[in-house]
Amino acid sequence: MDINALVAAELQRLEESQTFKYETALQSAQGGVVKVKGRDVVMLASNNYLGMSNHPVVKKAALEGLRKYGYGLASVRFLTGTQTIHLELEKKISRFLKTQDTILFSSSFAANVAFFSALTNEKLGYEQYTDVIYSDRLNHASIIDGQRLCKPETTERKIYNHCDAADLERQLEADKDNNYRIRMIATDGVFSMEGDLAPLPRLGQLAKRYGALLFVDDAHGIGVCGATGRGTAEQLGTLGQVDVYAGTLGKAIGGAAGGFLSGSKEMIAYMRQKARPYIFSNSLPPSIVCASMAAFDLLQKDRSIVRRLHENTAYFRKEIAGLGFRIIDGTHPIVPVMLGEAAVAQEMSARLLKAGVYIKGLWFPVVPKGEARLRAQISAALTRKDLDRALSAFQKVGTSMGLI
Ligand SMILES: Cc1ncc(COP(=O)(O)O)c(C=O)c1O
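In the numbering used here, the protein residues as written are 2 to 405.
Laid out in structure tokens, this is it:
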């Protein structure tokens, strides 16, 4: 069988709506306004929540990192891939999240893939054991893939309904007499399709009551949620109750690449010995390490950045709902504008681009059938003028399509 013919046939079977296209590649840096097909359009589709992707302070730090520490390290961390700056960034993240220690990865995807199997596939002094992981139904693909690497002989994987602490509690209660070695609750802090937050206070209580470890992937929370950007736990008043965080340096914090796990000193020290994507994959490049440190410093020094993100979000949420669009209520800069059918979301996204707004749609199979939407993502990089320009385009296109 010709493998290329096989995959080409599969591509043909995929519906037009399900294939990724790159006709709208950016011709500029990321920002509140970007250049696409030669035109300046308002960007409402990036994870550049704090506007740091092209921030002069962050870029300067990246250049200084490049000059002083070189382009790359040509090594994994435990050989010659650790510079003092890697250790400094790890300390900075721990101080920021109020954890004991942090370990860097090439991405948050890698961090999630590393975490679960590093714990569950090792005997840790046991000859016979079973571990259990309770995972939110809508957790990110990297959490799911991470759990797929856990050996099924020793790991039970259970799903609880999305953000449903009562369902989780029922399962924990039903399992309470099982002789599990490790119990884990795994959740995204913020769910990227809906912009909703995990019920961390309830999850924290359940974790404590049932002796479970609480793992929170706060990729869309850190730098975004809470008055000082410390994430979902800060916003919900549960800082200090998360056992292990996964986080990314590829969204609010600079937006280039890199991820981390952060938690107790024992857990992180263990991960340095057992996390395979850390041990067997290259170290983060110095420019990214230095820029990430500058991004954390900037976030802490200039409180107006996160404040502006929150103000922009509140403004956009109020105004878009005021125009008559149905959005999923909440506080997060991810604002899903619900449209129903995939064809409507596709047409609206294309028309908005013509009207000067870059926004992406989500439809089946990414979200359930009939729940197609445009996902707006608000940024501190957007000025009030940019937001108003986007809102007036929404009004114009929404009216012409008979949606509002
Ligand atoms: C919840 C969540 N976790 C992890 C990731 C992966 O992050 P990274 O790009 O750092 O691999 C993403 C990115 O889409 C995400 O949304």
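Don't be surprised by glycine CBs; every beta carbon is placed ideally from N, CA and C.
For clarity, every value in this text was computed on a predicted model and none was experimentally measured.
Check	Outcome
Sub-8 Å separation of Gly196 and Ile306 beta-carbons	no
Closer than 7 Å: Phe110 CB and nearest ligand 1 heavy atom	yes
Residue(s) in a DSSP beta bridge with Leu215	Ile186
Secondary structure of Gly147, DSSP reduced to three states	helix
Any non-hydrogen atom of ligand 1 closer than 7 Å to His163 Cβ	no
DSSP three-state assignment for Gly264, whether helix, strand or coil	strand
Status (buried if at least 16 other CB within 10 Å, exposed otherwise) for Thr81	exposed
Ser401, buried or exposed, once every other Cβ within 10 Å from all chains shown has been counted against 16	exposed
C-alpha distance - Lys38 paired with Ala373, whole-angstrom precision	26 Å
Local conformation of Lys159 per DSSP, three classes	strand
Cβ-Cβ distance between Leu215 and Gly205 below 8 Å	yes
Cβ neighbour criterion (16 or more within 10 Å) applied to Arg390	buried
CB contact flag (Pro278, Ala115, <8 Å)	yes
Inter-residue spacing [alpha-carbon to alpha-carbon] between Gly248 and Ala142	14 Å
Asp298 in three-state terms, based on DSSP	helix
Beta-carbon proximity list for Thr131, same chain, < 8 Å, skipping 5 on both sides	Thr155, Thr156, Glu157, Asn179, Asn180, Tyr181, Arg182
Near ligand 1: Ala220 beta-carbon under 7 Å from a heavy atom	yes
CA nearest to the CA of Tyr211, picked from Leu173, Glu235, Asn122, Trp364	Leu173
Collapsed DSSP secondary structure at Tyr135 in the structure displayed	strand
In DSSP terms, what Val245 is bridged to	Phe216
Euclidean distance between Cα positions of Ile186 and Lys302	34 Å
Cα-Cα separation between Thr83 and Tyr72, rounded to whole angstroms	14 Å
Residue of Lys386, Ala296, Phe281, Ala381 minimising C-alpha distance to Ala75	Phe281
Of the listed residues Cys291, Val42, Asn49, Ala343, nearest to Gly366 (C-alpha basis)	Looking at the sequence provided, one finds Pro at residue 366 rather than Gly. Among Cys291, Val42, Asn49, Ala343, the Cα nearest to that of Pro366 is on Ala343.
Top-ranked residue by Cα proximity to Ser118, from Lys93, Arg149, Tyr127, Tyr135	Arg149
The region 347-364 / the region 377-396 touching (three or more Cβ pairs under 8 Å)	yes
Inter-residue CB distance, Asp219 and Thr233 (contact presumed, cutoff 8 Å)	5 Å
Glu55 versus Ala253 - alpha carbon distance	Per the sequence shown, residue 55 should be read as Asn rather than Glu. Asn55 and Ala253: Cα-Cα distance of roughly 11 Å.
Contacting residues, own chain, Cβ-Cβ under 6 Å from Gly255 (five flanking each side not counted)	Met53, Val59, Ala292, Ser293, Ala296
Beta-carbon gap between Glu123 and Lys275 smaller than 8 Å	yes
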